[in-house]
Ligand SMILES: [Zn+2]
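Residue numbers (my numbering): 272 to 557.
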């Protein structure tokens, strides 16, 4: 653990500086990353009934609620990802937006859940006022943490964002994409407002799922959630259309293979061809 932390503290910022230099990987981004590493939820007290759940003072009732949902969420991830967790994941539960922001590696209280350095961080908004999203967001974030636990930060960054988010949305029954319906997502695909299917991720874009054409006259959150919903539909299609292929792909990903290799091992096809098949699938309405 200590070696991994040292690696994160030293190498990641240096790598970001070396590769970045652009607008995305700015000095504030590195400051937020270091702030997150400095404020990992491990340092907070853990529930006596569940040592995985750590909470800020005042959030004990919220933490109890998370602990009650955790076993079911873990089982769901392990069933769909096809493997147990590499190690128990720490979940940080926050009472204040400020404490959540300094711990989540983004320096922002806008997202409701963030997985950072293998830890799941949950916003106070999920206790109130968005408590109906708690189960979905917890499961979504555990999907990210599960993969990070097996393959580490570098290999995780190299997986395409659309796949990581689509998998997390799919496995959580729509967590993170609640505000855009499947019908809206399909209609957008048919208008050409569809996600870009990259074969790999990079340090230049750590989080965004890009759209070929962004919808106009929409609030700023809308393209983000639209992209998540589309990615979730595509990953759901991948699993539903060929379960054994999906399982082979997941196994290869969790073994640390590149995404392109894992798709090839699973489907004996490439992902852009699978995306075309999804676009004309029976689910796709014109
Ligand atoms: Zn996510």
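C-beta atoms are modelled at their ideal positions from N, C-alpha and C, and glycine is treated no differently.
- In this structure, residue 387 lies away from residue 330, with their beta-carbon atoms at least 9 Å apart.
- Looking at the backbone, the Cα of residue 463 and that of residue 482 are separated by about 9 Å.
- Under the 10 Å beta carbon count, residue 425 is surrounded by fewer than 16 other beta carbons and is classified as exposed.
- Cβ atoms of residue 384 and residue 391 come within 8 Å of each other, at about 7 Å.
- Counting of Cβ neighbours within 10 angstroms places residue 443 among the buried residues, the total reaching 16 or more.
- In this structure, residue 412 has its CB closer than 8 Å to one or more heavy atoms of ligand 1.
- In the DSSP assignment, residue 365 falls outside any alpha helix (DSSP H) and carries neither an H nor an E.
- Secondary structure of residue 468 (DSSP, three-state): coil.
- Contact annotation: residue 476 and residue 522 have beta-carbon atoms that are not nearer than 9 Å.
- CA-CA distance, residue 550 to residue 304, rounds to 37 Å.
- Secondary structure of residue 473 (DSSP, three-state): strand.
- Taking residue 489 as reference, the option from 339, 371, 450 and 302 with the minimal CA-CA separation is 450.
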